[in-house]
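Chains as they are written, first to last, in my numbering: chain Y, 60 to 466; chain G, 27 to 262.
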């Protein structure tokens, strides 16, 4: 009896785990009941804005530092200790720059485009469960809501290109749309099997479905199943393209185009576009964590003493570092290579994966030898299409031969 | 296998990221204002005037205001005014000196022609590249006080070249002293013969037909044995 009493309570009851909720209750407890939900909502908005605003600021710094290190140089290190004040210096610079609006531009749309883009990039974050019970808005179909908000950002990119009344902006915006719509398809298709397997369209439901461990050590995260691994890969490649990140940063390929749809933007509006890019990247990574990496779940039961929101943050940062690493490594794709990759490779893989996820859902009660067979079949359904598609798409693109230079 | 190249690429960048924290070969950036660049010895940009000592730079300038560099300078960035009087130089010989010596570094193109034409090794190329000024005209026009730098500094920035120059100058000085000493000796020995000493000293060539019955050849022979000034080494 004494032993049972001394055993730690459920991790959900730990003080650190409940700290954000306790803080919220302490801040809103003295208010009349009618006001309380409103203030609580405002508090969550302020928290998301603050946390992700700072994350954006320090992501830019981390990106520049890591890119620098990879290129054998220190990166920004002059503003404050280790360059830690650099984001604020950048913000002041962007704020004090002249805001130029072309005379021929559509004044209202030109102003609206960056605002709408940032707003749409932010509202997706409302449905991400950042920790146990830490979700701003609980929706039945929150995954649908998230991707609808994400797809709407494409509208504001076109809005920026159109409102600038600049043919290069417009052409670049059309190219950006071609890219973003191409990659909407694999992004959504890779997400569908998760919904099928978890049996829920709500992000909290999907995270709850990934709780627990097989044999006590193997988390039930979707990325740790064959179909989930494949879907995670497709999702992250599509997320790279959706957030205009290298190697898919054609919409504003700074070394080739002037700045694509950003050509006519300057000062703080330009900074807003960058903010939207990073917020979109963070939102898509957060969705990736939620859908595939178990959301706020700890990887091992013994590690549950670390609060859930810390686990979520660590996974999110890991994905964001992956984005930076990829940016430092790969050269930009051509527009034809980009669409080819989407339509000929990612979409077929995602379609096969849909079947794979369906099989996984149907066979969820198989155990023993049948359980092993389930894993083998699922793995084959990932590896075989990957190899076959890879072979057929790269046929004729043999290793590069150098006639005059040695590689 | 599709994707192998991508993974290899990621490995390369990851090695650089980790290596930059412990491997100096992967972190080659020098942080300039704190870490001054180690310039190669042959690096040059603007000329300076060599003085023998650091204590009295104006008194020991090697420059004798011959104005060869001023005339040779392709962009015409050197301006010299000769002094009206003469002052003893480092060896004590009275020389004209530059009353004004100015180089407009905004115009100088660092060609080093002034250095090559100077017969006195008085102007050399400096390695000072941080010459930014707040006044683009006055601030970049260097006068002789700013241009004068001691020979020790020259040794510091171009050690090999400075050693050669010092050796040559010392040889020339020794030769001149030897010549002066011999001339003095000849002068002392000359009054006895009929031929005036001045003529003997002025006629060093033994090939020249000696005045009949004179002792001049004997007197002038030692003068011939003075070694000629050391040849200038070919400029690099």
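Ideal Cβ positions, reconstructed from N, Cα and C, are used throughout, including at glycine.
- Here residue 426 of chain Y is exposed. Its C-beta has fewer than 16 other C-beta atoms within 10 Å.
- Here residue 182 of chain Y is not near residue 387 of chain Y, since their CB atoms are 8 Å or more apart.
- Between the segment 85-96 of chain G and the segment 140-148 of chain G, the count of C-beta pairs closer than 8 Å reaches three or more; the two stretches touch.
- In the structure shown, the three-state DSSP call for residue 323 of chain Y is coil.
- Taking the Cα positions, residue 152 of chain Y is about 17 Å away from residue 136 of chain Y.
- Listed in chain order, the positions of the segment 31-53 of chain G with a beta carbon within less than 8 Å of a beta carbon of chain Y are 32, 35, 36, 38, 39, 40, 42, 43, 46, 47, 52 and 53.
- For residue 57 of chain G, at least one C-beta of chain Y is nearer than 8 Å to its own C-beta.
- Within its own chain, the residues whose Cβ lies closer than 6 Å to the Cβ of residue 165 of chain G, once the five positions on either side in sequence are excluded, are 159, listed in chain order.
- If you compare the alpha carbons of Y:187, Y:176 and Y:279 with that of residue 375 of chain Y, the shortest gap goes to Y:187.
- Shortest Cα-Cα distance from residue 436 of chain Y to any of Y:455, Y:411 and Y:449 involves Y:411.
- Between residue 189 of chain Y and residue 368 of chain Y, the gap from beta carbon to beta carbon is short of 8 Å.
- Chain G has no Cβ within less than 8 Å of the Cβ of residue 303 of chain Y.
- Rounded to the nearest whole angstrom, the C-alpha separation of residue 102 of chain Y and residue 428 of chain Y is 51 Å.
- Going by beta carbons, residue 173 of chain G and residue 75 of chain G fall inside the 8 Å limit.
- In this structure, residue 266 of chain Y sits away from residue 372 of chain Y, with a CB-CB distance that is not shorter than 8 Å.
- Look at residue 278 of chain Y here: in three-state DSSP terms it is strand.
- In the DSSP assignment, residue 166 of chain Y falls outside any beta strand (DSSP E) and within the unbroken alpha helix (DSSP H) covering 166-182.
- At a cut-off of 8 Å between beta carbons, residue 384 of chain Y contacts chain G.
- Within chain G, the residues 42, 46, 52, 53, 54 and 55 have their CB atoms less than 7 Å from the CB of residue 131 of chain Y, given in chain order.
- In the DSSP assignment, residue 389 of chain Y falls outside any beta strand (DSSP E) and carries neither an H nor an E.
- Each of G:51, G:195 and G:101 was checked against the Cα of residue 177 of chain G, and the nearest Cα belongs to G:195.
- Not one beta carbon of chain Y lies nearer than 8 Å to the beta carbon of residue 84 of chain G.
- Fewer than three pairs of CB atoms, one per stretch, sit closer than 8 Å, so the segment 89-96 of chain Y makes no contact with the segment 168-177 of chain Y.
- In this structure, the CA atom of residue 417 of chain Y is about 10 Å from the CA atom of residue 286 of chain Y.
- Under the three-state reduction of DSSP output, residue 91 of chain Y falls in the coil class, being neither helix nor strand.
- In the three-state reduction of the DSSP assignment, residue 242 of chain Y falls in the helix class, which pools H, G and I.
- In the displayed model, residue 105 of chain G falls within a strand according to three-state DSSP.
- Along the segment 415-443 of chain Y, there is no position whose C-beta sits under 9 Å from a C-beta of chain G.
- Residue 121 of chain G sits in a strand when the DSSP states are folded into three classes.
- Look at the segment 120-150 of chain Y: the residues with a C-beta under 7 Å from a C-beta of chain G are 125, 128, 129, 131, 132 and 133.
- If one requires a minimum length of 3 residues, no beta strand (DSSP E) run lies completely within the segment 341-413 of chain Y.
- Under a criterion of Cβ atoms nearer than 9 Å, the residues of chain G adjacent to residue 449 of chain Y are, in order, 27, 28 and 29.
- Annotation: Cβ neighbours of residue 389 of chain Y in chain G (cutoff 8 Å, chain order): 32 and 35.
- Residues of the segment 202-220 of chain Y that bring their beta carbon within less than 9 Å of a beta carbon in chain G are absent altogether.
- With 16 or more other Cβ atoms inside 10 Å of its own Cβ, residue 336 of chain Y counts as buried.
- Between residue 453 of chain Y and chain G, the shortest Cβ-Cβ separation is below 8 Å.
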